[in-house]
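K.L.:
Sequence order for the protein chains is A and B.
Taking the working numbering, the leading residue of the first sequence gets 217, the next gets one more, and so forth.
Taking the working numbering, the leading residue of the second sequence gets 77, the next gets one more, and so forth.
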Amino acid sequence: MPKPHGGKLVNREIPEREKERLLEQVGELSTININEGLAKDVENIARGVFSPLEGFLLEEDYHSVLDEKRLANDLPWTLPIVLDIPNNFEVRAGDTITLSYEKGTLALMRVEDVYKYDKREFAQKVYGTLDAKHPGVAKVNSMGERLLGGKIDLITEMKTPFSKYNLKPVETRILFKEKGWRTIVGFQTRNAPHLGHEYVQKTALTFVDGVFINPVIGKKKTGDFRDEVILEAYNALIKHYYLKDRAVISILPFEMRYAGPREAIFHAIVRKNFGCTHFIVGRDHAGVGDFYPPYAAQDIFDEFPDLGIIPLFFKAFYYCKKCGGVVNEKTCPHGEEQHIKFSGTKIREMLIKGQRPPEEMMRPEVADIILRFRNPFVGET
Amino acid sequence: MPKKDKKFTTVSIPTPLFKKVQERIKGTGFTSVSSYVTYVLREIVAEEEEEEGEPFSKEDEERVKERLRALGYLG
Numbered sequence: 217m218p219k220p221h222g223g224k225l226v227n228r229e230i231p232e233r234e235k236e237r238l239l240e241q242v243g244e245l246s247t248i249n250i251n252e253g254l255a256k257d258v259e260n261i262a263r264g265v266f267s268p269l270e271g272f273l274l275e276e277d278y279h280s281v282l283d284e285k286r287l288a289n290d291l292p293w294t295l296p297i298v299l300d301i302p303n304n305f306e307v308r309a310g311d312t313i314t315l316s317y318e319k320g321t322l323a324l325m326r327v328e329d330v331y332k333y334d335k336r337e338f339a340q341k342v343y344g345t346l347d348a349k350h351p352g353v354a355k356v357n358s359m360g361e362r363l364l365g366g367k368i369d370l371i372t373e374m375k376t377p378f379s380k381y382n383l384k385p386v387e388t389r390i391l392f393k394e395k396g397w398r399t400i401v402g403f404q405t406r407n408a409p410h411l412g413h414e415y416v417q418k419t420a421l422t423f424v425d426g427v428f429i430n431p432v433i434g435k436k437k438t439g440d441f442r443d444e445v446i447l448e449a450y451n452a453l454i455k456h457y458y459l460k461d462r463a464v465i466s467i468l469p470f471e472m473r474y475a476g477p478r479e480a481i482f483h484a485i486v487r488k489n490f491g492c493t494h495f496i497v498g499r500d501h502a503g504v505g506d507f508y509p510p511y512a513a514q515d516i517f518d519e520f521p522d523l524g525i526i527p528l529f530f531k532a533f534y535y536c537k538k539c540g541g542v543v544n545e546k547t548c549p550h551g552e553e554q555h556i557k558f559s560g561t562k563i564r565e566m567l568i569k570g571q572r573p574p575e576e577m578m579r580p581e582v583a584d585i586i587l588r589f590r591n592p593f594v595g596e597t
Numbered sequence: 077m078p079k080k081d082k083k084f085t086t087v088s089i090p091t092p093l094f095k096k097v098q099e100r101i102k103g104t105g106f107t108s109v110s111s112y113v114t115y116v117l118r119e120i121v122a123e124e125e126e127e128e129g130e131p132f133s134k135e136d137e138e139r140v141k142e143r144l145r146a147l148g149y150l151g
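This is the structure in structure tokens:
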């Protein structure tokens, strides 16, 4: 099993016995109310998902991530995990503040750095565009003018309806060890599974001991599958089509940045922290619209010989009527007229109409589970 | 806005080796001998760092196993 990124699994969760004492002190401290995305970042830092980060980026690391795609100590790191503050918030390096979410104290932060940053530089370097139609750029544009850097300590875990599926890296690592897995492939998803997803996972599984299915849970776009639908759909797929001892599902509470290639590297680092040795990267991984070339998220891995996790690259795939199975351009000699593409839009349209997609696209057991939900998609009424 | 200088330093390598590398990187994605040498060194250093080792104690392990059993992940 690979070492955590940077060599050490971070744990910044305050032990139960110390919580009460700390909570008594927080009334005297300045407080910033943070949004759900930032709260998830705090929790991921504290639980070791973002190891080796122990807090939000200091200025030196921030510039290094933007310019070099690495932390200041040369470790690969591609997304700036930063905390912006309201423009009127008074704070200085050396202060301790509380981070609050939904009126509860989430964490303490020891401020080491307060710094200004250039939003255009942030957007251009991380997202490769200044176009405000890109959700990441729009987000940067809405942020405060200053960033805070410094270590955090988690006091209260966020509430999630999926706590059963919310494993920490230390837990997945022990789980993989108990299962006797030495090689594990991580699979990132935001979708209920169709046959193409299953094909990719099982192709990878042929070469490793286990697959770690790790759906991102959190803020979604209208038309996306709801979180509970994704989980139930995967449970059905695993129950009917996977060997029980070869697949594990656990969630990743995280707000997608849609940073394409940079985010693909970040996703790989996160799965390395969970204990994965391999990571699946498909077409347009973590992309949005047509902001990134289809395979940019695969090409970027050439820049990181020291990532510590092996990427497995997959091209576009589809069902071939002639071959009678899922294929791609490297495995099928037949023409397009034989191919059925896994169109998310088409599958969604059929499900909205209450129709079960054909078995060449989606397993019937998976489709039936989705059809049981009155509103399987975000924004549907 | 203050911006930190890039941190680079100079390493000496034999001139014949430098010339060999210069030839080798022609037509590749490497734009300089420095970028090639950096790439190779990062690869080697990372391999040395990735030795086996558990990032948790025996005590953690027992506690976590109990929770994993309670959640149904372990039989």
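Just so you know, even glycine gets a beta-carbon here, dropped at the ideal spot from N, CA and C.
Taking 8 Å as the limit between beta carbons, can you name the residues of its chain near A:N357, skipping five residues before and five after?
P.N.:
Here residue 357 of chain A is taken as the residue at index 141 of the first sequence, counted from 1. Cβ within range, chain order: K335, A339 and A348.
K.L.:
Please work out which residues of its chain come closer than 7 Å, Cβ to Cβ, to A:V353, disregarding the five sequence neighbours upstream and downstream, and give them in chain order.
P.N.:
The sequence position of residue 353 of chain A within the first sequence is 137, counting from 1. If we look at A:V353 and ignore the five residues flanking it on each side, its Cβ neighbours are A339, Y343, T345, L346 and D347.
K.L.:
Count the CB pairs spanning the stretch 586-596 of chain A and the stretch 562-578 of chain A that are closer than 8 Å, and state whether there are at least three.
P.N.:
At 8 Å Cβ cutoff, the stretches touch.
K.L.:
Figure out for me which residue from A:T314, A:F272 and A:R286 has the closest Cα to the Cα of A:G243.
P.N.:
Mapped onto the first sequence, residue 243 of chain A falls at position 27. Of the candidates A:T314, A:F272 and A:R286, the one whose C-alpha sits nearest the C-alpha of A:G243 is A:T314.
K.L.:
Expressed to the nearest angstrom, what Euclidean distance is found between the alpha-carbon atoms of A:L324 and A:E444?
P.N.:
Here residue 324 of chain A is taken as the residue at index 108 of the first sequence, counted from 1. Here residue 444 of chain A is taken as the residue at index 228 of the first sequence, counted from 1. Whole-angstrom Cα-Cα distance: 31 Å.
K.L.:
Would you say A:R326 lies against chain B (beta-carbon separation less than 9 Å)?
P.N.:
As a first step, residue 326 of chain A must be located in the first sequence, where it is residue number 110. No - not a single Cβ of chain B is within 9 Å of the one on A:R326.
K.L.:
Find the nearest neighbour of A:L528 within the set A:T419, A:Y534, A:P469 and A:C536, judged by alpha-carbon distance.
P.N.:
The sequence position of residue 528 of chain A within the first sequence is 312, counting from 1. The shortest Cα separation from A:L528 among A:T419, A:Y534, A:P469 and A:C536 belongs to A:T419.
K.L.:
Do you know how far the Cα of A:K546 is from the Cα of A:D300?
P.N.:
The residue given as residue 300 of chain A occupies position 84 in the first sequence. The residue given as residue 546 of chain A occupies position 330 in the first sequence. One C-alpha to the other measures close to 46 Å.
K.L.:
Would you say B:R143 reaches chain A, if we count a Cβ-Cβ gap shorter than 9 Å as a contact?
P.N.:
Start at 1 with the first residue of the second sequence, and residue 143 of chain B comes out as number 67. Taking Cβ atoms only, chain A reaches closer than 9 Å to B:R143, which makes this a yes.
K.L.:
Determine, using beta carbons only, whether A:E387 comes closer than 9 Å to chain B.
P.N.:
Residue numbering aside, residue 387 of chain A sits at position 171 when the first sequence is read from its first letter. So, interface residue.
K.L.:
Since A:M325 sits in a beta bridge, which residues does DSSP pair it with?
P.N.:
Looking up residue 325 of chain A in the first sequence gives position 109. A:I313 and A:I368, per the DSSP bridge assignment.
K.L.:
Use the C-beta contact count for A:D461: other C-beta atoms within 10 angstroms, 16 or more gives buried, fewer gives exposed.
P.N.:
Position 245 of the first sequence holds residue 461 of chain A. Its Cβ having fewer than 16 others within 10 Å, A:D461 is exposed.
K.L.:
Please check the pair A:E259 and A:L370, which I expect to be a contact at CB under 8 Å, by giving their CB distance rounded to whole angstroms.
P.N.:
Taking the first sequence and counting its residues from 1, the one referred to as residue 259 of chain A is at position 43. Taking the first sequence and counting its residues from 1, the one referred to as residue 370 of chain A is at position 154. Yes, A:E259 and A:L370 are in contact; Cβ-Cβ is about 6 Å, under 8 Å.
K.L.:
What is the C-beta distance between A:R499 and A:P510, in whole angstroms, given that I count them as a contact (C-beta under 8 Å)?
P.N.:
If you number the first sequence from 1, residue 499 of chain A lands on position 283. If you number the first sequence from 1, residue 510 of chain A lands on position 294. Going by Cβ atoms, the distance from A:R499 to A:P510 rounds to 5 Å, so yes, they are a contact pair.
K.L.:
Which first and last residues belong to the beta strand (DSSP E) in which A:N227 is found?
P.N.:
The residue given as residue 227 of chain A occupies position 11 in the first sequence. From DSSP, A:N227 is part of no beta strand (DSSP E); its letter is neither H nor E.
K.L.:
Should B:K83 go down as buried or exposed, given a rule of 16 or more other Cβ atoms within 10 Å for buried?
P.N.:
Residue 83 of chain B sits at position 7 when you count from the first residue of the second sequence. Looking at its Cβ environment, which holds fewer than 16 other Cβ atoms inside 10 Å, B:K83 is exposed.
K.L.:
Report the neighbours of A:V464 on chain C: residues whose CB is nearer than 9 Å to its CB, in chain order.
P.N.:
The chain labelled as chain C is not found among the protein chains of the depicted structure, namely A and B.
K.L.:
Can you find at least 3 beta carbon pairs, one from the stretch 291-307 of chain A and one from the stretch 251-268 of chain A, that sit closer than 8 Å?
P.N.:
Yes, the stretch 291-307 of chain A is in contact with the stretch 251-268 of chain A.
K.L.:
Note the first and the last residue of the continuous beta strand (DSSP E) segment covering A:D300.
P.N.:
Along the first sequence, read from residue 1 onward, the residue named residue 300 of chain A stands at position 84. Taken as a continuous stretch (DSSP letters only), the beta strand (DSSP E) holding A:D300 covers L299 to I301.
K.L.:
Any idea what DSSP makes of A:Y450, helix, strand or coil?
P.N.:
For this step, residue 450 of chain A is matched to residue 234 along the first sequence. DSSP places A:Y450 in helix when its eight states are reduced to three.
K.L.:
Does the stretch 369-384 of chain A come within contact of the stretch 220-232 of chain A, defined as at least 3 CB pairs closer than 8 Å?
P.N.:
These segments touch.
K.L.:
Going by DSSP in three states, A:G476 sits in which element: helix, strand or coil?
P.N.:
Sequence index remark: in the first sequence, residue 476 of chain A carries index 260 (1-based). Correct three-state label for A:G476: helix.
K.L.:
Quick check on A:E596: buried or exposed, where buried means 16 or more other Cβ atoms within 10 Å of its Cβ?
P.N.:
Translated into positions along the first sequence, residue 596 of chain A becomes position 380. The pLDDT assigned to A:E596 is 45, lower than 50, so where the model puts this residue is not dependable; a value taken from the coordinates is nonetheless given after this. Exposed.
K.L.:
May I ask you to report which of helix, strand or coil DSSP gives A:E596?
P.N.:
As a working mapping, residue 596 of chain A is identified with position 380 in the first sequence. Interpretation of A:E596 is limited by its pLDDT of 45, a score under 50 that renders its predicted location unreliable; no figure is taken from the coordinates.
K.L.:
Closer than 8 Å, Cβ to any Cβ of chain B: which residues of the stretch 241-262 of chain A, in chain order?
P.N.:
Result list empty, no residue passes.
K.L.:
For A:P521, go through chain B and note every residue whose CB falls closer than 8 Å to its CB, in chain order.
P.N.:
The count along the first sequence starts at 1 and reaches residue 521 of chain A at position 305. Ordered by position in chain B, the residues that pass the 8 Å Cβ test against A:P521 are Y115, V116, R118, E119 and A122.
K.L.:
Specify, as a first and last residue, the run of the alpha helix (DSSP H) that A:Q340 falls within.
P.N.:
Counted from its first residue, the first sequence places residue 340 of chain A at position 124. Its alpha helix (DSSP H) spans residues K335 to Y343.
K.L.:
In or out: B:V87 buried (at least 16 other Cβ within 10 Å) or exposed?
P.N.:
In the second sequence, residue 87 of chain B corresponds to position 11, counting from 1. With fewer than 16 Cβ atoms within 10 Å of its Cβ, B:V87 is classed as exposed.
K.L.:
Just tell me which of A:F305, A:V497, A:I485 and A:N407 has its CA closest to the CA of A:L453.
P.N.:
As a working mapping, residue 453 of chain A is identified with position 237 in the first sequence. Measuring from the Cα of A:L453, the nearest candidate turns out to be A:N407.
K.L.:
Can you give me the C-alpha to C-alpha distance between A:A262 and A:E270, rounded to a whole angstrom?
P.N.:
For this step, residue 262 of chain A is matched to residue 46 along the first sequence. For this step, residue 270 of chain A is matched to residue 54 along the first sequence. Roughly 7 Å separates the two Cα atoms.
K.L.:
Under three-state DSSP, which class holds B:A122?
P.N.:
One-based indexing of the second sequence puts residue 122 of chain B at position 46. Of the three classes helix, strand and coil, the one that applies to B:A122 here is helix, per DSSP.
K.L.:
CB A:N489 to CB A:P220, shorter than 9 Å?
P.N.:
The count along the first sequence starts at 1 and reaches residue 489 of chain A at position 273. The count along the first sequence starts at 1 and reaches residue 220 of chain A at position 4. In this structure, A:P220 lies closer than 9 Å to A:N489 by Cβ.
K.L.:
Exposed or buried, which one is B:I120 when buried takes at least 16 other CB atoms within 10 Å?
P.N.:
Along the second sequence, one-based indexing puts residue 120 of chain B at 44. The residue in question, B:I120, is exposed, as its Cβ has fewer than 16 Cβ neighbours within 10 Å.
K.L.:
Under a CB-based cut-off of 9 Å, is B:E135 close to chain A?
P.N.:
Locating residue 135 of chain B in the second sequence gives position 59, counting from the first residue. No, no contact with chain A.
K.L.:
Output the distance between the C-alpha atoms of A:Y534 and A:F593, rounded to the nearest integer angstrom.
P.N.:
Here residue 534 of chain A is taken as the residue at index 318 of the first sequence, counted from 1. Here residue 593 of chain A is taken as the residue at index 377 of the first sequence, counted from 1. If you take the alpha carbons of A:Y534 and A:F593, they lie about 24 Å apart.
K.L.:
Check the Cβ-Cβ distances between B:V140 and every residue of chain A, and say whether any is below 9 Å.
P.N.:
The sequence position of residue 140 of chain B within the second sequence is 64, counting from 1. Yes, B:V140 counts as interfacial toward chain A.
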